[in-house]
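Okay, structure first, notes after.
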Amino acid sequence: MAEKQSILGRIAQLARANVNALIDQAEDPQKMLDQMVRDYTSNIAEAERAVAQTIGNLRLAEQDRAEDEAAVREWGGKAAAASRKADSLRAEGKDAEADRFDELAKVALKRQISFEQEVTAAGPQIAAQTEVVDKLKAGLTSMKQKLEELKRKRDQLVARQKAAEAQSRVQDAVGSLNVLDPTSELSRFEERVRREEARVAGQAELQADSLEAQFASLEDDAADLDVEARLAALKAGGSSS
């Protein structure tokens with residue numbers, strides 16, 4: 118019975134385990150869950166062996182009780198047969214033989230009573246064992262459900278961790294692309310083109326200014342020539358008068 122209580126206690130303790138709380142407290146949840154899965158699997162296997170043995174003992178007790186019940190019926194039948202034989206002999210006036218069969222009937226009745234006592238005594242024991250077996254079965258079912266919960270938690274955690282790692286790699290890749298952004302190279306090239314265009318425009322403007330200065334000089338020279346011509350004409354007119 119102590120062993121049964123130990124099994125029940127261990128099953129109850131494992132079945133009550135708060136998986137979420139254990140995950141929150143663990144430094145490495147995945148490693149902790151892997152260990153818990155191994156522990157649960159081992160404990161379930163051990164508990165199944167113990168429960169199987171307990172069930173086997175219960176079935177043996179039930180078989181013994183069934184045999185005792187059959188013996189009760191058998192010895193009851195023998196007692197009845199011996200009693201009828203005694204009555205028949207006594208009716209024939211064979212009292213001595215009748216008494217012998219009555220004694221046999223008494224022996225059979227004593228055996229019947231003995232087996233009845235065995236059946237009666239087995240009742241509470243079998244009931245108690247049946248209750249224990251039912252609790253063990255329920256505990257095993259709960260443990261197996263916990264094991265499946267553990268496996269789901271572990272798989273979810275591993276999937277989330279892999280997703281986080283993949284997301285981190287994507288972010289790292291995006292970061293490296295930002296560092297080597299090809300548009301920045303285009304921007305620099307565009308800036309170079311703009312500076313060259315500005316230089317050419319400036320040079321053209323300078324050339325335009327130079328041409329205007331030359332034309333202005335030509336206009337000034339033409340004016341001077343006109344003045345000189347007029348001056349010569351004045352002089353010529355004066356000397357003719």
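Numbering (our numbering), first residue to last: 118 to 358.
Every residue, glycine too, gets a C-beta built ideally from N, C-alpha and C.
Note that the coordinates shown come from a computational prediction; the quantities given were computed from them, not determined experimentally.
About 11 Å separates the beta carbon of E214 from that of L221, a gap too long to meet the 8 Å contact definition. With distances taken between CA atoms, R190 lies nearest to Q229 out of Q229, L177, Q242 and D204. Contact check for L226 against A187 fails: the beta carbons are separated by 9 Å or more. A distance below 7 Å between beta-carbons, with the five flanking residues on each side excluded, links I172 to the following residues of its chain, in chain order: V250. For the 9 Å CB-CB criterion, R271 and Q147 form a contact. Contact annotation: R155 and I243 have beta-carbon atoms that are not nearer than 9 Å. By the C-beta density criterion, A167 is buried, having at least 16 other C-beta atoms within 10 angstroms. Q246 counts as buried, since at least 16 other C-beta atoms from the protein chains shown sit within 10 angstroms of its C-beta. The beta carbons of E248 and D185 sit about 21 Å from each other, so the pair does not count as a contact at 8 Å. With fewer than 16 other Cβ atoms from the protein chains shown falling within 10 Å of its own Cβ, A318 counts as exposed. C-alpha of F232 to C-alpha of S159: approximately 43 Å in a straight line. With distances taken between CA atoms, Q180 lies nearest to G240 out of E163, A353, D216 and G240. As the crow flies, the alpha-carbon of L253 is around 25 Å from that of T237. In terms of Cβ geometry, D216 and A208 do not form a close pair [threshold 9 Å]. Residue burial is scored here from C-beta neighbours: G256 has at least 16 other C-beta atoms within 10 angstroms and is therefore classed as buried.
Excluding five sequence positions before and after S200, the CB atoms of its chain that fall closer than 6 Å to its own CB belong to A222, given in chain order.
In the three-state scheme derived from DSSP, where H, G and I count as helix and E and B as strand, E308 is classed as helix. In this structure, DSSP gives G354 a helical state, which the three-state scheme calls helix.
Our two residues, Q288 and V310, have alpha carbons roughly 34 Å apart in a direct line.
Taking every protein chain shown into account, the CB of A281 has fewer than 16 other CB atoms within 10 angstroms, so this residue is exposed.
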